[in-house]
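Accompanying notes for the structure given below.
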Amino acid sequence: MVTGLVINCEKDLRIRELLFNSLGDSVVPDIPGSLYDIVEGDDADKLRAFADDLENTGFVFEREINLQTAIFPLPLKFTGGKLDDGYFIFVVRTNDDIPFLYEELMKVNNEQANYLRSMASKYTQTNSALKEQDELYNEVSRMNNELSNLHRALEQKNAELNRLNRQKNEFLGIAAHDLRNPLSSVMFYLDFIMEDADRLSEEQKEFVGQVMLSCRSMLNLVNELLDVSAIESGKIRLELGEVHLDQLVEETIQSYRNLAEQKEIEVEIELQQKGIMVRGDAERLRQVLINLYTNAVKFSERKTRILVKVLQKESGGQLVVMDQGKGIAPGELDMLFHPFQKTGTQSTGNEKSTGLGLFIVKKIVDAHQGKIDVRSTPGEGTVFTVTLP
Numbered sequence: 477m478v479t480g481l482v483i484n485c486e487k488d489l490r491i492r493e494l495l496f497n498s499l500g501d502s503v504v505p506d507i508p509g510s511l512y513d514i515v516e517g518d519d520a521d522k523l524r525a526f527a528d529d530l531e532n533t534g535f536v537f538e539r540e541i542n543l544q545t546a547i548f549p550l551p552l553k554f555t556g557g558k559l560d561d562g563y564f565i566f567v568v569r570t571n572d573d574i575p576f577l578y579e580e581l582m583k584v585n586n587e588q589a590n591y592l593r594s595m596a597s598k599y600t601q602t603n604s605a606l607k608e609q610d611e612l613y614n615e616v617s618r619m620n621n622e623l624s625n626l627h628r629a630l631e632q633k634n635a636e637l638n639r640l641n642r643q644k645n646e647f648l649g650i651a652a653h654d655l656r657n658p659l660s661s662v663m664f665y666l667d668f669i670m671e672d673a674d675r676l677s678e679e680q681k682e683f684v685g686q687v688m689l690s691c692r693s694m695l696n697l698v699n700e701l702l703d704v705s706a707i708e709s710g711k712i713r714l715e716l717g718e719v720h721l722d723q724l725v726e727e728t729i730q731s732y733r734n735l736a737e738q739k740e741i742e743v744e745i746e747l748q749q750k751g752i753m754v755r756g757d758a759e760r761l762r763q764v765l766i767n768l769y770t771n772a773v774k775f776s777e778r779k780t781r782i783l784v785k786v787l788q789k790e791s792g793g794q795l796v797v798m799d800q801g802k803g804i805a806p807g808e809l810d811m812l813f814h815p816f817q818k819t820g821t822q823s824t825g826n827e828k829s830t831g832l833g834l835f836i837v838k839k840i841v842d843a844h845q846g847k848i849d850v851r852s853t854p855g856e857g858t859v860f861t862v863t864l865p
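Residue numbers 477 to 865, in the working numbering, belong to the letters of the sequence shown in order.
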């Protein structure tokens, strides 16, 4: 049995016609009156808001309002539509009762029947839209849960990768440190042998020279691996102090000038002035210069020129290393400062490269709060500029 009312009322909610009443005369007398008379006292404001919304929007669905009974308030759902001169209102226990009430009331006159059809259609459309909204909400909730699960899984994977990366850095540091000591001993004994080179045959000298070259390359690689380990673990330390940048450049280039002489490359130092000071770690800055200088030699043809400039800047000093080498393709410049990256440019003397040097240089310059820039033209050469505070 359908529980509810169907009411045709004035705009002030006076009942004009009671079209259906399954609640009985004890709840809703079959006499003219107002809806306010049968609404539980505290819900009068709800009924007033229902009527205001009907007037403003034309249709209102499923508004819960309590009716008075002799024993207890009866919660019912109000659904209504606006007529030209009043309102048409369904009052039901459950929303499922509305279609049944609609069928019962199709016996009324044509004008009301047409209006009921309109309300039923509107109700069906609204329920369909609400159902679609519920389905969409459920789908969004499901996707949000999946996204949350993926985010948690990603955080766990990242934590695991960070742990493995720390272990890798620790292992790399230990392995490189353990390799450096025996290599340094080998280099010491080779230097000792070469001090008495007159006693060696030319073939022996050549063999010793090859061993020294290989040891020096291995020692450089080990030192670079130690630097990378320190950098990636955040343990790079700077012994800061006042550094005579011009003096550091002259001393370093003089120590490594023989590398350029082997390829008959002219090396020129140009100082803007004496006494150019920066604040930094002298040995780390020397490491930057050695790397930039040896790269210039490595990629320069024989009988070309390398220019090393030291400039005074308002905020500090600037170091510039220019060569006339093969240059670097524009598309490869961005990869220069990444670890283990090598460009397509080949060294001119078959020199080896680990792909770590410029990565370490960039990290050292960054640690000094400095900046490094590179410009290059294929076939003409490359210019590295380091600006230090």
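Using N, Cα and C, we set each Cβ at its ideal position, and we do this for glycine too.
Margin query: For a quick check, are the C-beta atoms of Met-798 and Leu-783 less than 8 Å apart?
Written below: Taking 8 Å as the cut-off, the beta carbon of Met-798 is found closer than this to the beta carbon of Leu-783.
Notebook entry, point to check: Taking the DSSP output, what are the residues bridged to Arg-539?
Noted result: Among the bridge pairs identified by DSSP, Arg-539 is matched with Phe-554.
Notebook entry, point to check: What are the boundary residues of the alpha helix (DSSP H) that Gln-763 is part of?
Noted result: Element bounds for Gln-763: 758 to 774.
Checklist line | Residues near Pro-429 by beta carbon distance below 6 Å, same chain, minus five either side | finding: Shown here, the chain extends from 477 to 865; a query on residue 429 therefore has no answer.
Check: When the Cα atoms are used, what is the spatial distance from Glu-740 to Ala-843?
Finding: Spanning the alpha carbons of Glu-740 and Ala-843 requires a straight line of approximately 35 Å.
Margin query: Does Val-616 pass the burial test, meaning 16 or more other C-beta atoms within 10 Å, or should it be called exposed?
Written below: Burial is judged here by how many other beta carbons sit within 10 angstroms of a residue's own beta carbon; Val-616 has fewer than 16 and is exposed.
Notebook entry, point to check: If we count the other Cβ atoms within 10 Å of its Cβ and call it buried at 16 or more, is Gln-680 buried or exposed?
Noted result: Under this definition Gln-680 is an exposed residue.
Notebook entry, point to check: Less than 8 Å separating the beta-carbons of Ile-745 and Ile-766?
Noted result: In this structure, Ile-766 does not lie closer than 8 Å to Ile-745 by Cβ.
Note to self: I believe Arg-864 touches Gly-792 by the beta-carbon criterion, under 8 Å. Please report the beta-carbon distance rounded to the nearest angstrom.
What the structure shows: Just to set this straight, residue 864 is Leu in the shown sequence, not Arg. With 8 Å as the limit, Leu-864 and Gly-792 qualify as a contact, their Cβ atoms being about 5 Å apart.
Item checked: Within 8 Å, strictly: CB atoms of Val-796 and Ala-758 -> No, the Cβ-Cβ distance between Val-796 and Ala-758 is not below 8 Å.
Item checked: Span separating the alpha-carbon of Gly-846 from that of Glu-808 -> Rounded to whole angstroms, Gly-846 to Glu-808 spans 22 Å at the Cα level.
Checklist line | Entirely enclosed beta strand (DSSP E) segments - the stretch 772 to 852, minimum 3 residues | finding: Counting whole runs of 3 or more residues, the stretch 772 to 852 contains the beta strand (DSSP E) stretches 781 to 789, 792 to 798.
Checklist line | Counterpart residues of His-720 in DSSP-defined beta bridges | finding: When DSSP reads this structure, His-720 sits in a beta bridge with Met-753.
Notebook entry, point to check: In or out: Asp-521 buried (at least 16 other Cβ within 10 Å) or exposed?
Noted result: Around the Cβ of Asp-521, a 10 Å sphere holds fewer than 16 other Cβ atoms; the residue is exposed.
Note to self: Quick check on Glu-587: buried or exposed, where buried means 16 or more other Cβ atoms within 10 Å of its Cβ?
What the structure shows: Below a pLDDT of 50, predicted positions are generally treated as unreliable, and Glu-587, at 49, falls in that range; no measurement from the model is reported.
Next item on the list: Determine the direct distance from the alpha carbon of Arg-618 to that of Phe-564, and round the result to whole angstroms.
Entry: Spanning the two alpha carbons is a distance of roughly 40 Å.
Check: If we ignore side chains and look at the alpha-carbon of each, how far apart do Glu-493 and Asp-519 end up?
Finding: When only Cα atoms are considered, Glu-493 and Asp-519 end up about 22 Å apart.
Item checked: Contacts around Gly-803, its chain only, beta-carbon distance under 8 Å, and the 5 residues preceding and following it disregarded -> Closer than 8 Å at Cβ, skipping near neighbours: Thr-821, Ser-852, Thr-853, Pro-854, Gly-855, Glu-856, Gly-857, Thr-858.
Margin query: Within 10 Å of its beta-carbon, does Tyr-665 have 16 or more other beta-carbons around it, so buried, or fewer, so exposed?
Written below: Exposed, because fewer than 16 other Cβ atoms sit within 10 Å of the Cβ of Tyr-665.
Notebook entry, point to check: Is Glu-486 helix, strand or coil by DSSP?
Noted result: Three-state result, Glu-486: coil.
Notebook entry, point to check: CB-CB under 8 Å to Leu-721, same chain, minus the five flanking residues each way: which ones, in chain order?
Noted result: Cβ within range, chain order: Ile-752, Met-753, Val-754, Leu-761, Val-786, Gly-793, Leu-795, Leu-864.
Check: What's the gap between the Cα of Ser-731 and the Cα of Lys-818?
Finding: So the alpha carbons of these two residues sit roughly 27 Å apart.
Next item on the list: Name the two residues that bound the continuous beta strand (DSSP E) containing Thr-545.
Entry: Here Thr-545 belongs to no beta strand (DSSP E), and DSSP marks it neither H nor E.
Notebook entry, point to check: By how many angstroms is the C-alpha of Arg-490 removed from the C-alpha of Asp-561?
Noted result: Distance between the alpha carbons of Asp-561 and Arg-490 is about 12 Å.
Next item on the list: Kindly indicate which three-state DSSP category Arg-569 falls into: helix, strand or coil?
Entry: Residue state for Arg-569 is assigned as coil, using DSSP reduced to three classes.
Next item on the list: Compare the beta carbon distance of Ile-421 and Val-743 with 8 Å and say whether it is the shorter of the two.
Entry: Outside the displayed span of the chain (477 to 865) sits residue 421, for which this structure offers no information.
Next item on the list: State the Cα-Cα distance for the pair Ser-870 and Glu-486, rounded to the nearest angstrom.
Entry: The question about residue 870 has no answer, for the chain in this structure spans 477 to 865.
Notebook entry, point to check: Does the Cβ of Asn-771 have 16 or more other Cβ atoms within 10 Å, making it buried, or fewer, making it exposed?
Noted result: Within 10 angstroms of the beta-carbon of Asn-771 lie 16 or more other beta-carbons, which makes it buried.
Item checked: Residue nearest to Arg-569 in terms of C-alpha spacing, selected from Gly-557, Leu-559, Thr-861, Pro-551 -> Of the candidates Gly-557, Leu-559, Thr-861, Pro-551, the one whose C-alpha sits nearest the C-alpha of Arg-569 is Pro-551.
Notebook entry, point to check: Quick one: is Gly-833 buried, meaning 16 or more other Cβ sit within 10 Å of its Cβ, or exposed?
Noted result: Around the CB of Gly-833, 16 or more other CB atoms lie within 10 Å, so the residue is classed as buried.
Checklist line | Cβ-Cβ distance between Phe-835 and Pro-815 below 8 Å | finding: By the CB criterion at 8 Å, Phe-835 and Pro-815 fall inside the cutoff.
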